[in-house]
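In this note's numbering, the protein residues as written are 1277 to 1599.
Next up, the structure:
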């Protein structure tokens, strides 16, 4: 993301800036997609590892593509040959102890293969917990429900009950078998757990009372976060809002400004006058006492200030001085 942002800001060619912007938008949509669950994330990881492994075996094709870009950008495409340091060979040294003298081979072994090996190993090691969590819920995968036998499905469901005893009861394996027997034809038409949950909880809501434990497991699986991108996004917004110049800002005001900053597209559509009139009606009705009303007024002014700054760039002090 940083590289794409840098290209979009510093490149002198319009085609490169447009391509970087389109790739960045595509990556942002994927990062915050609400349709991605653990099983889809594991499939995407497997595809990424397989693509990188295949890319590692096609060095010559990658080299030719890089040389084509070098010619397009006017950059030298030849590897620089450095003088190889000669070391006296002893009788007990093997041939593999010799260093690579060819610059092309040296780049392939020490740069190309080394970088890809690091990426592949990190993708494999860092997401071990994600894979194990997705494996625990294998019993509710549509493919497993369609192909597994009753004994295998009962065994996998029992393992899930042992792990989540505080949330799932012993009735889950029996309910899962009954659920498959009743809706096996419909289950064969779905591909993801999200579609399975939609089919049970929305399209067949009349029978959810009979499969309460199955509904619990489906919601438990779908509410497990795939990434912490949303939390990182919130912290990045808070860093922009609360700097050392605004260290006295309260928690409620900081939270409100963070929400407005994240949802700035919707905040620009709000009408400040309507918000003020609605607040005045609530205070006039006597529902709020004066102390609560004063706190709400401060919060409302902070929100109105942020909206006004987004629209016309009004200084914050001019509105805060009203209090």
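Beta carbons: idealized from backbone N, C-alpha and C, even for Gly.
Bear in mind that the values here come from a model prediction, so they are computed numbers and not experimental data.
Legend entry - Spatial neighbours of residue 1353 in its chain, beta-carbon cut-off 8 Å, leaving aside the 5 residues before and after: Your numbering for residue 1353 matches position 77 in the chain shown. The residues are 1342, 1343, 1346 and 1347.
Legend entry - Inside the region 1401-1453 only - alpha helix (DSSP H) runs reaching at least 4 residues: Positions of the alpha helix (DSSP H) runs, each at least 4 residues long and wholly inside the region 1401-1453, are given as 1404-1412, 1418-1423 and 1426-1439 in order along the chain.
Legend entry - Host alpha helix (DSSP H) of residue 1327 (start-end): As a working note, residue 1327 is residue 51 in the chain shown. Here the alpha helix (DSSP H) through residue 1327 covers 1314-1332.
Inset, instruction - Please name the residue, chosen from 1339, 1475 and 1438, that lies closest to residue 1456 on a Cα-to-Cα basis. - result: Looking up residue 1456 in the chain shown gives position 180. Of the candidates 1339, 1475 and 1438, 1475 places its Cα closest to the Cα of residue 1456.
Inset, instruction - State buried or exposed for residue 1315, treating a residue as buried only when at least 16 other CB atoms are found within 10 Å of its CB. - result: Start at 1 with the first residue of the chain shown, and residue 1315 comes out as number 39. Buried, because 16 or more other Cβ atoms sit within 10 Å of the Cβ of residue 1315.
Inset, instruction - Taking all protein chains shown into account, decide if residue 1313 is buried (16 or more other Cβ within 10 angstroms of its Cβ) or exposed. - result: Residue mapping note: residue 1313 aligns to position 37 of the chain shown, counting from 1. That one is buried.
Inset, instruction - Kindly give me the distance between the Cβ atoms of residue 1416 and residue 1489, rounded to whole angstroms, as I take these residues to be in contact under 8 Å. - result: Along the chain shown, one-based indexing puts residue 1416 at 140. Along the chain shown, one-based indexing puts residue 1489 at 213. The beta carbons of residue 1416 and residue 1489 sit about 11 Å from each other, so the pair does not count as a contact at 8 Å.
Legend entry - Status (buried if at least 16 other CB within 10 Å, exposed otherwise) for residue 1449: In the chain shown, residue 1449 corresponds to position 173, counting from 1. The residue in question, residue 1449, is buried, as its Cβ has 16 or more Cβ neighbours within 10 Å.
Inset, instruction - Under the assumption that residue 1621 contacts residue 1491 (Cβ atoms under 8 Å), give the Cβ distance between them as a whole number of angstroms. - result: No information on residue 1621 is available, as it lies outside the stretch 1277 to 1599 that the chain covers here.
Legend entry - Distance CB(residue 1396)-CB(residue 1329) smaller than 8 Å: Taking the chain shown and counting its residues from 1, one reaches residue 1396 at position 120. Taking the chain shown and counting its residues from 1, one reaches residue 1329 at position 53. Cβ distance < 8 Å, so residue 1396 and residue 1329 count as in contact.
Legend entry - For residue 1259, the three-state DSSP class (helix, strand or coil): Because the chain here runs from 1277 to 1599, residue 1259 falls outside it and cannot be looked at.
Inset, instruction - Using three-state DSSP, classify residue 1278 as helix, strand or coil. - result: Within the chain shown, residue 1278 is the residue found at index 2, counting from 1. DSSP places residue 1278 in helix when its eight states are reduced to three.
Legend entry - Candidates 1547, 1286, 1529 and 1405, of which the one nearest residue 1318 by Cα: Locating residue 1318 in the chain shown gives position 42, counting from the first residue. Answer by Cα proximity: 1405.
Legend entry - Sequence-distant residues of the same chain with beta carbon closer than 6 Å to residue 1434, five excluded per side: For the purposes of this step, residue 1434 is identified with residue 158 of the chain shown, where counting begins at 1. Only 1449 meet the Cβ criterion.
Legend entry - Residues near residue 1613 by beta carbon distance below 7 Å, same chain, minus five either side: A question about residue 1613 goes unanswered here, because the residues of the chain that appear run from 1277 up to 1599.
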